[in-house]
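Trainee:
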Amino acid sequence: MRATVLVRPKPGILDPQGQAVESSLRHLGFDVGEARIGRLVDVELSTDDADEARAQLERMCEQLLTNPLIESYQIEVEAA
Amino acid sequence: MSEPRPVIPVVVWPGSNDDRDAQLALERLGADAPRVWHTDESLPRGTAAVVLPGGFSYGDYLRCGAIARFSPALRAVEAFAAGGGLVLGICNGFQILTEAGLLPGALRPNESLSFVCRDVALVVERADTPFTSRCNPGHELTIPVKHGDGCWFADDELLAHLESTQQLALRYADGANPNGAVANVAGVLNADGNVFGLMPHPEHAVEPLLGSADGALILGSLVDAARLSLAVGV
Numbered sequence: 409m410r411a412t413v414l415v416r417p418k419p420g421i422l423d424p425q426g427q428a429v430e431s432s433l434r435h436l437g438f439d440v441g442e443a444r445i446g447r448l449v450d451v452e453l454s455t456d457d458a459d460e461a462r463a464q465l466e467r468m469c470e471q472l473l474t475n476p477l478i479e480s481y482q483i484e485v486e487a488a
Numbered sequence: 455m456s457e458p459r460p461v462i463p464v465v466v467w468p469g470s471n472d473d474r475d476a477q478l479a480l481e482r483l484g485a486d487a488p489r490v491w492h493t494d495e496s497l498p499r500g501t502a503a504v505v506l507p508g509g510f511s512y513g514d515y516l517r518c519g520a521i522a523r524f525s526p527a528l529r530a531v532e533a534f535a536a537g538g539g540l541v542l543g544i545c546n547g548f549q550i551l552t553e554a555g556l557l558p559g560a561l562r563p564n565e566s567l568s569f570v571c572r573d574v575a576l577v578v579e580r581a582d583t584p585f586t587s588r589c590n591p592g593h594e595l596t597i598p599v600k601h602g603d604g605c606w607f608a609d610d611e612l613l614a615h616l617e618s619t620q621q622l623a624l625r626y627a628d629g630a631n632p633n634g635a636v637a638n639v640a641g642v643l644n645a646d647g648n649v650f651g652l653m654p655h656p657e658h659a660v661e662p663l664l665g666s667a668d669g670a671l672i673l674g675s676l677v678d679a680a681r682l683s684l685a686v687g688v
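Protein sequences, first through last, are from chains W and G. Note that the working numbering has the first sequence beginning at 409, numbered continuously upward. Note that the working numbering has the second sequence beginning at 455, numbered continuously upward.
(1) Please report how far the alpha carbon of ALA694/G lies from the alpha carbon of VAL415/W, in whole angstroms.
(2) Would PRO563/G pass as a contact of PRO424/W if the rule is Cβ separation under 8 Å?
(3) On the criterion of 16 or more Cβ atoms from any shown chain inside 10 Å, does GLU611/G qualify as buried, or is it exposed?
(4) Buried or exposed for PRO591/G, going by 16 or more other Cβ atoms inside 10 Å?
(5) Near HIS593/G, what residues of its chain come up, given a Cβ to Cβ distance below 6 Å and the 5 sequence neighbours on each side ignored?
(6) Taking the continuous beta strand (DSSP E) assigned at VAL649/G, which residues delimit it?
(7) What does the alpha-carbon distance come out to for the pair LEU506/G and GLY674/G?
(8) From GLU430/W to ASP459/W, what does the alpha carbon distance come to, in whole angstroms?
(9) For a minimum of 4 consecutive residues, which ranges assigned as the alpha helix (DSSP H) are wholly contained in the segment 587-621 of chain G?
(10) Count the other CB atoms within 10 Å of the CB of GLY629/G; is the residue buried (16 or more) or exposed (fewer)?
(11) I'd like to know if VAL688/G contacts chain W, where contact means its C-beta is closer than 8 Å to some C-beta of that chain.
(12) Can you find a CB in chain G that lies within less than 8 Å of the CB of PHE438/W?
(13) Drop a sphere of 10 angstroms on the beta-carbon of VAL440/W, count the other beta-carbons inside from all chains shown, and report buried for 16 or more, exposed for fewer.
(14) With a threshold of 8 Å between beta carbons, is LEU477/W in contact with chain G?
(15) Give the DSSP bridge partners of TYR512/G, in chain order.
(16) Could you check which residue in LEU516/G, SER525/G, LEU643/G and ILE550/G has the C-alpha nearest to that of GLY509/G?
(17) Classify ILE445/W as helix, strand or coil using the three-state DSSP reduction.
(18) Taking the runs of the alpha helix (DSSP H) that are 4 residues or longer, which of them lie wholly in the segment 493-580 of chain G?
(19) Check whether the Cβ atoms of ASN638/G and ASN631/G sit closer than 8 Å, and answer yes or no.
(20) Starting from GLU452/W, follow its DSSP beta bridges and name the residues at the other end.
(21) Find out if the Cβ-Cβ distance for the pair GLY500/G, GLY651/G is shorter than 8 Å.
(22) So who's on the other strand from TRP491/G, going by DSSP bridges?
(23) GLN482/W: which of LEU433/W, GLN471/W and GLU466/W sits nearest, CA to CA?
(24) Select from ALA527/G, SER568/G, GLU532/G and LEU516/G the residue whose C-alpha is nearest the C-alpha of LEU557/G.
(25) Return the Cβ separation of ASN633/G and GLU553/G in integer angstroms, given the expectation that the two are a contact with Cβ distance under 8 Å.
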């Protein structure tokens, strides 16, 4: 099954990329507030069990995909 | 009789690019500095200290240092540090040590989003460490930085803790912060004081002809401490 991990800079973490994009959007005339830039990781898993997939993805996030000091994450498992 | 030459290996990952400068600087300062490949599971016999050099280990994908953290050589470095061994991480080496949890904080993209490559003024906060013993407290050093991800971050709670334990051993001078690091932090010690990481490159500042020899104070301190550890048989 497929899953997506969304990784975001935690609130309060300086995000210069987000600030640059935010300012460009304003220059284009869009009325926007804050823009923040994170990362998404699409993962293919061999398991078809959503709970098992979620448990594996949690471990991946803790061990490699995120740095818990500066990033938060959200796991989205594709509906079977 | 010449002084003993302590063994201070330099770990090399695919993408490391300051390993030879680190090796040269350490050897000129009186150490033997063999290079250790990232797949090596142990450090050379008699290792008295280890240097993790600058560069872009394994391409620095995902986050700088995030992947090098899992390399066999780093496992050996972790075991060495756990036993009280001296470990110095420079730039990418610093990033690897924070990702591995051997040093506090994290390194984020520079506030300017630009790669910075220039001399910076630094202030030594602590001169009673194995990495700064050749300096004096308040000593101002000129050492180059060259990095895209050098913005050291700690949240308020962690920062307050590190201030109280005096682990923030090296800072950018006022007005000289090149990357937006919180509290002007340029280098951090671990709680036990045997692991140190810094963004500036002391190995590029060991020769007055090239602009500064202040980096030799940092690396020379490490060589002194490594030699001392040989003498007392630690």
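Just so it is clear, CB atoms sit at the ideal spot from N, CA and C, and this is done for glycine as well.
Mentor: On the basis of the data shown:
(1) Residue 694/G lies beyond the range of chain G shown here (455 to 688); nothing can be said about it.
(2) As a working mapping, residue 563/G is identified with position 109 in the second sequence. As a working mapping, residue 424/W is identified with position 16 in the first sequence. Yes, they are a contact pair.
(3) Locating residue 611/G in the second sequence gives position 157, where the first residue counts as 1. With fewer than 16 Cβ atoms within 10 Å of its Cβ, GLU611/G is classed as exposed.
(4) Here residue 591/G is taken as the residue at index 137 of the second sequence, counted from 1. It is exposed - the Cβ of PRO591/G has fewer than 16 other Cβ atoms within 10 Å.
(5) The count along the second sequence starts at 1 and reaches residue 593/G at position 139. If we look at HIS593/G and ignore the five residues flanking it on each side, its Cβ neighbours are VAL578.
(6) On the second sequence, residue 649/G is found 195 positions in, with the first residue counted as 1. VAL649/G -> beta strand (DSSP E) spans 649-652.
(7) To locate residue 506/G, count along the second sequence from 1; it is residue 52. To locate residue 674/G, count along the second sequence from 1; it is residue 220. Here the alpha carbon of LEU506/G sits roughly 16 Å from the alpha carbon of GLY674/G.
(8) Numbered from 1 along the first sequence, position 22 holds the residue referred to as residue 430/W. Numbered from 1 along the first sequence, position 51 holds the residue referred to as residue 459/W. GLU430/W and ASP459/W: Cα-Cα distance of roughly 37 Å.
(9) 610-618
(10) By one-based count along the second sequence, residue 629/G stands at place 175. Answer is exposed; the Cβ neighbour count stays below 16.
(11) Counting from 1 along the second sequence, the entry for residue 688/G is found at position 234. Below a pLDDT of 50, predicted positions are generally treated as unreliable, and VAL688/G, at 49, falls in that range; the measurement from the model is reported next regardless. No, no contact with chain W.
(12) In the first sequence, counting from the first residue as 1, residue 438/W sits at position 30. With 8 Å as the cut-off, PHE438/W does not count as an interface residue toward chain G.
(13) Against the first sequence, residue 440/W aligns to sequence position 32. Classification of VAL440/W: exposed, given that the 10 Å Cβ count is below 16.
(14) Walking along the first sequence from the start, residue 477/W turns up at place 69. Yes, LEU477/W lies at the interface with chain G (some Cβ there is under 8 Å from its Cβ).
(15) By one-based count along the second sequence, residue 512/G stands at place 58. BP columns for TYR512/G are empty, so no partner.
(16) Your numbering for residue 509/G matches position 55 in the second sequence. Looking at the Cα atoms, ILE550/G is the closest of the given residues.
(17) By one-based count along the first sequence, residue 445/W stands at place 37. It is coil, neither helix nor strand.
(18) Segments of the alpha helix (DSSP H) lying fully in the segment 493-580 of chain G: 526-536 and 546-553.
(19) On the second sequence, position 184 is the one that residue 638/G refers to. On the second sequence, position 177 is the one that residue 631/G refers to. Yes. Within cutoff.
(20) For this step, residue 452/W is matched to residue 44 along the first sequence. Looking at the DSSP output, GLU452/W bridges to ARG410/W.
(21) Start at 1 with the first residue of the second sequence, and residue 500/G comes out as number 46. Start at 1 with the first residue of the second sequence, and residue 651/G comes out as number 197. Contact: no.
(22) For the purposes of this step, residue 491/G is taken as the residue at position 37 of the second sequence. Per DSSP, VAL466/G.
(23) Reading the first sequence from its first residue, position 74 is the one you call residue 482/W. Comparing Cα positions, the closest option is GLU466/W.
(24) Taking the second sequence and counting its residues from 1, one reaches residue 557/G at position 103. Answer by Cα proximity: GLU532/G.
(25) On the second sequence, position 179 is the one that residue 633/G refers to. On the second sequence, position 99 is the one that residue 553/G refers to. Rounded, the Cβ-Cβ distance is 17 Å, inconsistent with contact.
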